[in-house]
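Enquirer: Be aware that the sequence shown starts at 1, since it is given in full-length UniProt numbering, and climbs by one per residue.
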Amino acid sequence: MSTYAEHTARRDQSRAAAREVERVEEALRAARDELARLLTQVPPNARAILAVQRRISQLTIQLGAARAAAGATRHAYEAGLDALPASLDPAVPLLLLPVRLETRIRARTDGAAGDELVVRVYPDDVHLDAHDPRLTAAEVQLGRHYWRQRWAVEAGAAPDAEQQSLAAWRQLTGRLGPARAAWVARVLTPANLPPTAGAEPDLPDPPVRQPGDERAVLAAALPDRWVVRVWRGGARLGEARGELIPRPLVAGPPTDEAGSPQSWLTELPAAIDAGMAVVVRPDTPTAIDRVDVTAFGVRATDTAAEAAGHLRDLLDAHQFAPRLGGVGLDLVPQGTPTNNTPAARALARTDPSSGRSAAAWTGRPVAARGDGSDADLLAAALGLPDRDPRHPGDSDRFVLGRLEHAAGADQRDVAAMAAVTWPASWGYFLRQFLSGVEGIEADADLGGWRRFVLDTVRGRGPLPALRVGDQPYGVLPVLPSDRWRPWPDQPELFAVTLNLAGGIAEAWLLVSWDLDARGAWTGGWVGPAPLPIDAGTDGLAAGAGDLDGDGHAELVVLTTRRAGDAVYQVGQRLDEDGVPGLWTGPHPLPPPAPGRTLIGGAAGVAVASLKGRPSLVTVTQEQAVLPFPAPSTVVRVVTDLAPTAAAGAGRPRSRCPAAVPACG
Numbered sequence: 001m002s003t004y005a006e007h008t009a010r011r012d013q014s015r016a017a018a019r020e021v022e023r024v025e026e027a028l029r030a031a032r033d034e035l036a037r038l039l040t041q042v043p044p045n046a047r048a049i050l051a052v053q054r055r056i057s058q059l060t061i062q063l064g065a066a067r068a069a070a071g072a073t074r075h076a077y078e079a080g081l082d083a084l085p086a087s088l089d090p091a092v093p094l095l096l097l098p099v100r101l102e103t104r105i106r107a108r109t110d111g112a113a114g115d116e117l118v119v120r121v122y123p124d125d126v127h128l129d130a131h132d133p134r135l136t137a138a139e140v141q142l143g144r145h146y147w148r149q150r151w152a153v154e155a156g157a158a159p160d161a162e163q164q165s166l167a168a169w170r171q172l173t174g175r176l177g178p179a180r181a182a183w184v185a186r187v188l189t190p191a192n193l194p195p196t197a198g199a200e201p202d203l204p205d206p207p208v209r210q211p212g213d214e215r216a217v218l219a220a221a222l223p224d225r226w227v228v229r230v231w232r233g234g235a236r237l238g239e240a241r242g243e244l245i246p247r248p249l250v251a252g253p254p255t256d257e258a259g260s261p262q263s264w265l266t267e268l269p270a271a272i273d274a275g276m277a278v279v280v281r282p283d284t285p286t287a288i289d290r291v292d293v294t295a296f297g298v299r300a301t302d303t304a305a306e307a308a309g310h311l312r313d314l315l316d317a318h319q320f321a322p323r324l325g326g327v328g329l330d331l332v333p334q335g336t337p338t339n340n341t342p343a344a345r346a347l348a349r350t351d352p353s354s355g356r357s358a359a360a361w362t363g364r365p366v367a368a369r370g371d372g373s374d375a376d377l378l379a380a381a382l383g384l385p386d387r388d389p390r391h392p393g394d395s396d397r398f399v400l401g402r403l404e405h406a407a408g409a410d411q412r413d414v415a416a417m418a419a420v421t422w423p424a425s426w427g428y429f430l431r432q433f434l435s436g437v438e439g440i441e442a443d444a445d446l447g448g449w450r451r452f453v454l455d456t457v458r459g460r461g462p463l464p465a466l467r468v469g470d471q472p473y474g475v476l477p478v479l480p481s482d483r484w485r486p487w488p489d490q491p492e493l494f495a496v497t498l499n500l501a502g503g504i505a506e507a508w509l510l511v512s513w514d515l516d517a518r519g520a521w522t523g524g525w526v527g528p529a530p531l532p533i534d535a536g537t538d539g540l541a542a543g544a545g546d547l548d549g550d551g552h553a554e555l556v557v558l559t560t561r562r563a564g565d566a567v568y569q570v571g572q573r574l575d576e577d578g579v580p581g582l583w584t585g586p587h588p589l590p591p592p593a594p595g596r597t598l599i600g601g602a603a604g605v606a607v608a609s610l611k612g613r614p615s616l617v618t619v620t621q622e623q624a625v626l627p628f629p630a631p632s633t634v635v636r637v638v639t640d641l642a643p644t645a646a647a648g649a650g651r652p653r654s655r656c657p658a659a660v661p662a663c664g
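1) Beta-carbon within less than 8 angstroms of Gly80's beta-carbon, same chain only, minus the 5 sequence neighbours each way: which residues are those?
2) Select from Arg299, Asp115, Thr109, Val121 the residue whose C-alpha is nearest the C-alpha of Pro85.
3) How is Gln569 classed by DSSP in three states: helix, strand or coil?
4) Just mark Val42 as buried or exposed, buried being the case when its beta carbon has 16 or more other beta carbons within 10 Å.
5) Within a Cβ cutoff of 8 angstroms, which residues of the same chain sit near Pro477, ignoring the five residues on either side of it in sequence?
6) Of all the options Val126, Ala505, Ile105, Leu311, which has the alpha carbon lying nearest to the alpha carbon of Gly383?
7) Using the Cβ count rule (16 or more neighbours within 10 Å means buried), how would you classify Pro592?
8) Do you know how far the Cα of Gly156 is from the Cα of Gln149?
9) Is the CB of Asp470 under 7 angstroms away from at least one CB in chain C?
10) Taking Cβ positions, are Leu218 and Pro195 nearer each other than 7 angstroms?
11) Would DSSP call Leu434 helix, strand or coil?
12) Quick one: what does DSSP say Leu311 is sitting in, helix, strand or coil?
13) Just list the residues that DSSP pairs Leu541 with in beta bridges.
14) Kindly indicate which three-state DSSP category Trp508 falls into: helix, strand or coil?
15) If you run the structure through DSSP and keep just helix, strand and coil, what is Ile440?
16) Please go through the stretch 179-262 and give each complete beta strand (DSSP E) segment of 3 or more residues, from N-terminal end onward.
17) State the beta-bridge partners of Ser395 as determined by DSSP.
18) With DSSP as the reference, label Pro652 as helix, strand or coil.
19) Go to Glu116, then tell me how far its beta strand (DSSP E) extends in each direction, as first and last residue.
20) Indicate whether Asp223 and Gly297 have their beta-carbon atoms separated by less than 7 angstroms.
21) Helix, strand or coil for residue 668 per DSSP?
22) So, using beta-carbon positions, are Gly372 and Arg402 closer together than 7 angstroms?
23) Check whether the Cβ atoms of Asp202 and Asn192 sit closer than 7 angstroms, and answer yes or no.
24) Tell whether a beta-carbon distance below 7 angstroms holds between Arg67 and Val118.
25) Can you tell me which of the three DSSP states Leu466 falls into?
26) Does the stretch 224-236 come into contact with the stretch 158-175, if we say contact requires no fewer than three beta-carbon pairs (one atom in each stretch) closer than 8 angstroms?
27) Just list the residues that DSSP pairs Ala501 with in beta bridges.
28) Starting from Val293, trace the beta strand (DSSP E) both ways and give me its first and last residue.
29) Within its chain, find whatever has a CB closer than 6 angstroms to the CB of Ala112; leave out the 5 residues flanking it on each side and keep chain order.
30) Rounded C-beta distance between Ala535 and Ala505? I'm assuming under 8 angstroms.
31) For Met276, count the other beta carbons within 10 Å of its own beta carbon; 16 or more makes it buried, fewer makes it exposed. Which is it?
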């Protein structure tokens, strides 16, 4: 993957080469003008004329070389940008954010007939980062005063501690505003919370922003470049590809100062140089009228992890940026008015930020990863990583955990309602009105249809809507229709059976869906499907999970064999019924230590996430080769897996007595 710095260097080389062409052209024009002047003199100065003619000849040669160099550097620059989309990992989703387009039709400026379309691109609210993370000396002083007040109140366990803490918070918000006060309080949070009597708060010492060093508003999360296409009647009329967009791109406030970083907002040539404007000329000269315009771009110079980190930081900036309405970032709960009415205002905050308690900003977050809240679902869909810890034990790392409506359960509620109403809604409709259609016969199992409705049918959308300031953003997952999978690729329940009859082992897989609140299956069973095991297998276990971190489930089958060893195989590419389409392995487990032997018939396997990495946990039983040995359970954890899921460098195995069930 090429880096942004590499493309910046190519752009600078191309522009330097273009400037060299302009310099030589200007020198050549000046030499020709001088020659014309000398030729008008009477009598002519032959020596001067010869010198100028030689200079013109040299400059002509220089111009040819400069144009060749400019063409080569421009081609390398544009070819590098053109290759960026193909370098993207197709397994990683793209986040498409909206922008505003402004257009103007004018006569072509390249001498051809017809029109050309000038298209300018302006970032939307979600792109604009107005948050300066640096604190001024006054902010540091106010933040420390707030924490010392709160520390004294809470450490002393005063009866009115909550009221005093709220008074200290309102004092801070009255000076800085709610969003900035929340940021100052976060940056200066003591490392030794909770407050204890007799101890002083361990306050951080952040770098101080100097007076006059204010940071301008920046446009973040923009692509590497824009590609603008013009369409008429579904056919492409023309295309233009923009320049590499600067990082950072200053987005305000506008100024009349020529050459300023934000001059692209008001000057078209500066906007073209900044990649925020293009001129689209039709492939065939024609008039432009009644056309559709699309602008898109990708950010392929960042890794997936870097891009997710940039998005997290941008959302964090919105949360703490100053806003007139007091709301920087939030989720939009269901039932929120979309228009102002006499009864309610659109997107109105029910609890103004200045009145929210200090605990809402500095206490325990209201939502966390894995709790099934709307914030958790949205963060998982966007791939948002946690914040970097400010100090050991920092628990405030979930970027959406403190939003006012983060703990909402709209998505869980609608899924539960779909399950409750299935018999009287879609279940009834399919049975009564579509009976006889292929796949919906009178006695057909509708478990797959039920699973589809419960997982995907959402009248209110599949993910919570996001709010940035006063602008709501719906979050809609899309993908090519030929890659759509109607069922999740990890079943809710699977069972494996081992048949040892006849001395030849056979294993089978059964998959079920739609567990009710008691864990009982309601969606029927798929299978049995054969499992690839050795004929000498005497023990079998299975586990499912995302083993390679690609977002899709794998099935791991662990077997012990009469030969005295253990192996595991990995089933990948689960189909719509949860049955693997590809198996890798077998991969052997390390043999028992010298003097010990494997006990067949007892095994266990699980897929887990340990320290953020997909891991494989295996459990086997061993015993010493001695009379009446006491068996022990051996647990192995492998966190470094090859792409084929073969074990890499794993954690040393641990052993515990078989008589201790909790240990095994």
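Even for Gly, the Cβ is constructed at its ideal location relative to N, Cα and C.
Expert: For this structure:
1) As a first step, residue 80 must be located in the sequence shown, where it is residue number 80. Cβ neighbours of Gly80 beyond the five flanking positions: Ser2, Glu6, His7, Arg10.
2) The residue you call residue 85 lines up with position 85 of the sequence shown. Residue Arg299 is the option with its Cα nearest to Pro85.
3) As a position in the sequence shown, residue 569 is number 569, starting the count at 1. Reduced to three states, the DSSP call for Gln569 is strand.
4) Walking along the sequence shown from the start, residue 42 turns up at place 42. Looking at its Cβ environment, which holds fewer than 16 other Cβ atoms inside 10 Å, Val42 is exposed.
5) Translated into the one-based positions of the sequence shown, residue 477 becomes position 477. Cβ neighbours of Pro477 beyond the five flanking positions: Pro93, Ala381, Pro462, Leu463.
6) In the sequence shown, residue 383 corresponds to position 383, counting from 1. Comparing Cα-Cα distances from Gly383 to each of Val126, Ala505, Ile105, Leu311, the minimum goes to Leu311.
7) Residue numbering aside, residue 592 sits at position 592 when the sequence shown is read from its first letter. When all chains shown are included, Pro592 counts as buried.
8) Position 149 of the sequence shown, counted from the start, is the residue given in the question as residue 149. Position 156 of the sequence shown, counted from the start, is the residue given in the question as residue 156. Going by the C-alpha atoms only, they are around 11 angstroms apart.
9) The structure shown has no chain C; it contains just one protein chain.
10) Along the sequence shown, one-based indexing puts residue 218 at 218. Along the sequence shown, one-based indexing puts residue 195 at 195. No, Cβ-Cβ distance for Leu218 and Pro195 is not below 7 angstroms.
11) Position 434 of the sequence shown, counting from 1, holds the residue named residue 434. Leu434: coil per DSSP, three-state reduction.
12) One-based indexing of the sequence shown puts residue 311 at position 311. Correct three-state label for Leu311: helix.
13) For the purposes of this step, residue 541 is taken as the residue at position 541 of the sequence shown. The amino acid at residue 541 is misidentified as Leu; the sequence shows Ala. Leu558.
14) Sequence index remark: in the sequence shown, residue 508 carries index 508 (1-based). Strand, per DSSP.
15) Position 440 of the sequence shown, counting from 1, holds the residue named residue 440. In this structure, Ile440 counts as coil in the three-state DSSP scheme.
16) At a cut-off of 3 residues, the continuous stretches assigned as beta strand (DSSP E) that sit fully inside the stretch 179-262 are 217-219, 227-232, 235-241, 249-252.
17) The residue you call residue 395 lines up with position 395 of the sequence shown. According to DSSP, which records beta bridges pairwise, Ser395 is partnered with nothing at all.
18) Along the sequence shown, one-based indexing puts residue 652 at 652. Note that Pro652 has pLDDT 38, beneath the 50 cutoff, so the model's placement of it is unreliable and the number below is only indicative. Of the three classes helix, strand and coil, the one that applies to Pro652 here is strand, per DSSP.
19) As a first step, residue 116 is located in the sequence shown; it is residue number 116 there, counting from the start. Its beta strand (DSSP E) spans residues 115-123.
20) Your numbering for residue 223 matches position 223 in the sequence shown. Your numbering for residue 297 matches position 297 in the sequence shown. Checking the displayed sequence, the identity of residue 223 turns out to be Pro instead of Asp. Yes, the Cβ-Cβ distance between Pro223 and Gly297 is below 7 angstroms.
21) Residue 668 lies beyond the residue range present for the chain, which begins at 1 and ends at 664; the question has no answer from this structure.
22) Residue 372 sits at position 372 when you count from the first residue of the sequence shown. Residue 402 sits at position 402 when you count from the first residue of the sequence shown. No, they are not a contact pair.
23) Position 202 of the sequence shown, counted from the start, is the residue given in the question as residue 202. Position 192 of the sequence shown, counted from the start, is the residue given in the question as residue 192. The answer is yes: Cβ separation under 7 angstroms.
24) If you number the sequence shown from 1, residue 67 lands on position 67. If you number the sequence shown from 1, residue 118 lands on position 118. By the CB criterion at 7 angstroms, Arg67 and Val118 fall outside the cutoff.
25) For the purposes of this step, residue 466 is taken as the residue at position 466 of the sequence shown. It is a strand residue.
26) no
27) Reading the sequence shown from its first residue, position 501 is the one you call residue 501. DSSP lists no beta-bridge partner residue for Ala501.
28) Start at 1 with the first residue of the sequence shown, and residue 293 comes out as number 293. Per DSSP, the unbroken beta strand (DSSP E) holding Val293 starts and ends at 292-296.
29) To locate residue 112, count along the sequence shown from 1; it is residue 112. Here the set comprises Pro285.
30) Mapped onto the sequence shown, residue 535 falls at position 535. Mapped onto the sequence shown, residue 505 falls at position 505. Indeed, because the Cβ distance is near 6 angstroms, the residues count as touching under 8 angstroms.
31) Position 276 of the sequence shown, counted from the first residue, corresponds to residue 276. With 16 or more Cβ atoms within 10 Å of its Cβ, Met276 is classed as buried.
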